[in-house]
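Note sheet for the following structure.
Below, the structure written as structure tokens:
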């Protein structure tokens, strides 16, 4: 009986860390960070998100057939809703989404407002290139 308990405890110690690892999410999945995709829906489908999860923004650098994209963090909900970039912080420029993409680790348990700031905010206002994430404090998933 004591041996069974020891085996169960050992299994729990081995399996629990696997369930508690932070995850890596490619924003938009196969669509990536692009014009016209519904990122709010993507957040609903992929969530919940947890502290230390990583969001990966992948997009092509601008060329003759693609528009430039970027990633900005908005300071508050009002700026996010209006796509007001005046106080926004650039976190990934137009070339940083190439290849493996730009990685953003959700380190703080706070609202993160992400938008594309290209074309004077048009990608945010008309192209739905924006979403909100508030990570939970525990990375242990069900």
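Numbering (our numbering), first residue to last: 1306 to 1447. Glycine included, each C-beta is placed from N, C-alpha and C at the ideal position. Treat the numbers as computed from the prediction; the structure is a model and nothing was measured.
Reduced DSSP category for residue i - H, G, I as helix; E, B as strand; rest coil
{"i": "residue 1359", "result": "strand"}
{"i": "residue 1394", "result": "strand"}
{"i": "residue 1428", "result": "helix"}
{"i": "residue 1345", "result": "helix"}
{"i": "residue 1350", "result": "helix"}
{"i": "residue 1438", "result": "strand"}
{"i": "residue 1433", "result": "coil"}
Other residues of its chain near residue i: CB distance less than 6 Å, five sequence neighbours each side excluded
{"i": "residue 1378", "result": "1394, 1396"}
{"i": "residue 1408", "result": "1359, 1361"}
{"i": "residue 1385", "result": "1379, 1418"}
{"i": "residue 1400", "result": "1366"}
Cβ-based neighbour list, residue i, same chain, cut-off 8 Å, excluding 5 preceding and 5 following
{"i": "residue 1270", "result": "What is shown of the chain runs 1306 to 1447, which leaves residue 1270 out entirely."}
{"i": "residue 1343", "result": "1433"}
Under 8 Å between C-beta atoms of residue i and residue j
{"i": "residue 1420", "j": "residue 1429", "result": "yes"}
{"i": "residue 1390", "j": "residue 1422", "result": "yes"}
{"i": "residue 1403", "j": "residue 1366", "result": "yes"}
{"i": "residue 1440", "j": "residue 1354", "result": "yes"}
{"i": "residue 1371", "j": "residue 1436", "result": "no"}
Sequence-distant residues of its chain with Cβ nearer than 7 Å to residue i (five each side left out)
{"i": "residue 1442", "result": "1356, 1414"}
{"i": "residue 1317", "result": "At residue 1317 the pLDDT is 44, less than 50, meaning the model places this residue with poor confidence; the figure from the coordinates comes in the next sentence. Within the same chain, residue 1317 has no close Cβ partners at all."}
{"i": "residue 1392", "result": "1380, 1384"}
{"i": "residue 1398", "result": "1375"}
Candidates the options: closest to residue i by CA position
{"i": "residue 1348", "options": "1425, 1423, 1416", "result": "1416"}
{"i": "residue 1387", "options": "1431, 1371, 1410, 1376", "result": "1431"}
{"i": "residue 1328", "options": "1427, 1411, 1426, 1425", "result": "1411"}
{"i": "residue 1337", "options": "1368, 1326, 1376, 1369", "result": "1376"}
In chain order, which continuous runs of the beta strand (DSSP E) of length 3 or greater are located wholly inside the segment 1377-1423? 1394-1397, 1407-1410, 1417-1420
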